[in-house]
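Here our numbering is used: the first residue of the sequence shown is 64, the next is one more, and so on.
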Amino acid sequence: MGFLSAFELQKLLELINVVLASGIVIFSCALLLYLVIYNPRNSVARSFAILLACVLVAYFVDLALTGSIEAEAAAPWLRFQWLGIAFTPAAYLSFSNALLVTTGARSWLRDMAVRVSYLLSSLLLLGVAFSERVVRGGVLTHRAPHLSPGPLFPVFVVYFCVAVLWGGANVLWARRRCLTSTSRRRMAYLAATFAAPAAGVFPYLLLTGWPASAPGTALWLLLVLGNVAVGLMLVLLAYSVAFFGVLTPDRTVKHRLVRFLLRGPLVATLVVVVIVAAARAEGWLGLPGGRLALFGVVAIILLLQLGVELAKPLIDRALYRQDQPEIQWIQELSNRLLTTTDLRQFLENVLTALCDLLRVKTAFVAVIDGGSPHLEVVCGPLEPGTAEDLPPETWGAAAENGPAEARRAERHDDLFVWNGYWLAPLGTKGQDGVIGVVGIAARAPEPDLSVEERAGLEALLAQAAVALEDRQLQQGIFSALERIIPEIEAIQRRRGVMYYTGEEALSEFSLVEADEFRQWVRNALSHYWGGPKLSTSPLMALHVVERAARMHDGSAMQGLREVLKQAIERLRPDGQREMTTPEWILYNILELKFLQGRRVRDVAQRLAMSESDLYRKQRIAIEAVAQALAEMEQEELNNQD
64 MGFLSAFELQ KLLELINVVL ASGIVIFSCA LLLYLVIYNP RNSVARSFAI
114 LLACVLVAYF VDLALTGSIE AEAAAPWLRF QWLGIAFTPA AYLSFSNALL
164 VTTGARSWLR DMAVRVSYLL SSLLLLGVAF SERVVRGGVL THRAPHLSPG
214 PLFPVFVVYF CVAVLWGGAN VLWARRRCLT STSRRRMAYL AATFAAPAAG
264 VFPYLLLTGW PASAPGTALW LLLVLGNVAV GLMLVLLAYS VAFFGVLTPD
314 RTVKHRLVRF LLRGPLVATL VVVVIVAAAR AEGWLGLPGG RLALFGVVAI
364 ILLLQLGVEL AKPLIDRALY RQDQPEIQWI QELSNRLLTT TDLRQFLENV
414 LTALCDLLRV KTAFVAVIDG GSPHLEVVCG PLEPGTAEDL PPETWGAAAE
464 NGPAEARRAE RHDDLFVWNG YWLAPLGTKG QDGVIGVVGI AARAPEPDLS
514 VEERAGLEAL LAQAAVALED RQLQQGIFSA LERIIPEIEA IQRRRGVMYY
564 TGEEALSEFS LVEADEFRQW VRNALSHYWG GPKLSTSPLM ALHVVERAAR
614 MHDGSAMQGL REVLKQAIER LRPDGQREMT TPEWILYNIL ELKFLQGRRV
664 RDVAQRLAMS ESDLYRKQRI AIEAVAQALA EMEQEELNNQ D
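Laid out in structure tokens, this is it:
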């Protein structure tokens, strides 16, 4: 206090308040985008997103009017601010009702109250925009512009308070209904921070005005502390909401949210701090404020991104305290997995090194797949079919199984000489099988390797063998994951439900009742002939799909494809097929578009309809497939009973 006068301290607090308001706007916008992107289908997340939008509008207008002195310019903005203020009570009721529904407490009375509240909020907004009954005029002070209360403003205050209090009571009731410690803890976070949006949005100045007699420093300090509390509670509130309805583990949600907040809104807020500070430091170091802001923004973005990356081990240790060894193993596995492209690039490097070492122009790798060799990678010119005609003895088959010319292969120690190539079988670590063959253009009728060349050849062949064996093992892992991922997703879904509705989720949960069921059907059909939307579809957890998978050697993807085909066939009308008659349209669309995989334009021409009409009828057809699939699942469950 001894360093700053009362006036300077007040100006500093005003500046801090602007930065905090900017931070609340940035974080509200970022959290809103996060929920829209990662959790758009959950009713709790959607209703909270509306509440965040109300906070965003209210604070954005306050921020936009900072320093404004013209009443005519401020008045339209102040009325626009009521878009956020008027709908906050309705958003509160909707949010709290969605929380109760997750615990299994449904009520037509609350549903009706939510609809009525949105209607009242709409009427209030119309009253603010086109009349003087709720608010009127523009009262502008040198500190904060605000409107004057109209005759119906007390009605709004009562409506606001009743809605917020009712919403708070709903949250407390939802917490009492929770059956697990995790769900109760998250509901406790929600209850503790539930008032934050209301505290930030409510138009206090319409009730009290700006107290002229009160010390300005004290009032601005109160505003700063209030904005700090609102900002922290909003983040904690959003953190709790982020877990609702997600199918991924909690650790994934925590990691994704924390990294999003650090790389996005935190960086943006610090950029605002730099810009504001640069404007106040005009002339510092002899540089203009704009130049200082430019340098500062670049520095803060680069340094903070680097800091987040360097702090990643500490962040992971804080988020994954109990599962740190397993998480490190999963992360290491992700970094070391070989994709098909990775394998080919690695083998190309090995072949290039072999060609350079032995001074030859051609080398290739053939992989033994399905009991026969297939060309995987080639370096240099190679005649077509060479890899497929390799001698059987080089890859573990009986000689009589191969072509006649294969029997002319001559063995020289570990190498075979055949058809102008030196062939080197690649075995597994246990040497109990051949997984591939390396072919090198023969520079001499017999291998004439020096000691150094043989040592280099053995090292490179060992690297190629390890890469092929690892890739073979990884393909087995991927095949296993293909079967268990749908089951893991089903477990996550049941787990999310059990947080709030208890053990009944185990017996009553059904995929076909999920809100996303029709979208899953649409996605699986769109990748019917292969793709991630089919191979990772939650529909693989259906009982009817599991039965079909057992009939296809345990392949869940083949089982799902077969079940989808059966569901489509259920829609096939009786009698002879016709392309353009109404009763055949839905089946023809499904059969041509998905089972045959034809293009939209071709299907539309075949069925004599426009593409827009095709898309409309396709939606109806997919709905019919979803209904047929639900019926098949129910029949399967009845058969099991």
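Using N, Cα and C, we set each Cβ at its ideal position, and we do this for glycine too. From a predicted model like this one, the values you see are computed outputs, not experimental measurements.
Residue pairing of residue 211 in beta bridges, as defined by DSSP: 199. Beta-bridge pairing by DSSP links residue 435 to 432. DSSP lists 473 and 485 as the beta-bridge partner residues of residue 480. Per DSSP, the unbroken alpha helix (DSSP H) holding residue 619 starts and ends at 619 to 632. Taken in chain order, the complete beta strand (DSSP E) segments of 3 or more residues contained in the segment 233 to 307 number zero; there are none.
The beta carbon of residue 317 lies closer than 8 angstroms to those of 382 in the same chain, with the five residues before and after it left out.
In its chain, beyond the 5 residues on either side, 663, 664 and 667 have a beta carbon closer than 8 angstroms to the beta carbon of residue 674.
Scanning its chain for C-beta atoms nearer than 7 angstroms, with the 5 sequence neighbours on each side dropped, one finds around residue 505 the residues 480, 483, 484 and 485, in chain order. Considered as a whole, the segment 75 to 135 harbours 106 to 127 as its complete alpha helix (DSSP H) runs of no fewer than 4 residues, in chain order. One alpha carbon belongs to residue 241, the other to residue 160, and they sit about 15 angstroms apart. For residue 490, DSSP records a beta bridge to 497. Rounded to whole angstroms, the gap between the alpha carbons of residue 110 and residue 680 is 31 angstroms. Checking the DSSP bridge columns, you'll see residue 440 partnered with 428. Residue 164 sits close to residue 106, with the two beta carbons spaced by under 8 angstroms.
Residue 168 sits in coil when the DSSP states are folded into three classes, being neither helix nor strand. Approximately 47 angstroms separates the beta-carbon atoms of residue 658 and residue 523; this is outside 8 angstroms, ruling out the contact.
Residue range 328 to 343 is occupied by the alpha helix (DSSP H) that includes residue 341. DSSP places residue 504 within a strand segment (E or B) once states are collapsed to three. For residue 521, the secondary structure class from DSSP, reduced to helix, strand or coil, is helix.
Short of 7 angstroms from the beta carbon of residue 222, and not among the five residues preceding or following it, lie these beta carbons of its own chain, in chain order: 152 and 183.
Taking the C-beta atoms as reference points, residue 689 is found no nearer than 8 angstroms to residue 627. Per DSSP, residue 376 is one residue of the alpha helix (DSSP H) stretching across 375 to 382. If you check the CB distance, residue 634 and residue 603 do not come in under 8 angstroms. Proximity of the segment 253 to 262 to the segment 176 to 193 falls short of the contact definition, fewer than three beta-carbon pairs being nearer than 8 angstroms. Following the DSSP letters along the chain, one finds residue 657 in no alpha helix (DSSP H), marked with neither H nor E. With contacts defined as CB atoms closer than 8 angstroms, residue 682 and residue 642 fail to qualify as a contacting pair.
When DSSP states are grouped into helix, strand and coil, residue 593 belongs to the coil group.
Within its own chain, the residues whose Cβ lies closer than 6 angstroms to the Cβ of residue 177, once the five positions on either side in sequence are excluded, are 156, 157 and 160, listed in chain order. Of 692, 352 and 148, the smallest CA-CA separation from residue 608 is found for 692.
By the Cβ neighbour-count rule, residue 437 is exposed, with fewer than 16 other Cβ atoms within 10 Å of its own.
The criterion of a C-beta distance shorter than 8 angstroms is satisfied by residue 86 and residue 294. In the three-state DSSP reduction, residue 180 falls in the helix class (H, G or I). A straight-line Cα-Cα distance of about 28 angstroms links residue 307 and residue 84.
If you look at residue 408, you'll find it in the alpha helix (DSSP H) that goes 403 to 421. Between residue 115 and residue 95 a beta carbon distance of about 4 angstroms is seen, short of the 8 angstroms cut, so the two are scored as contacting.
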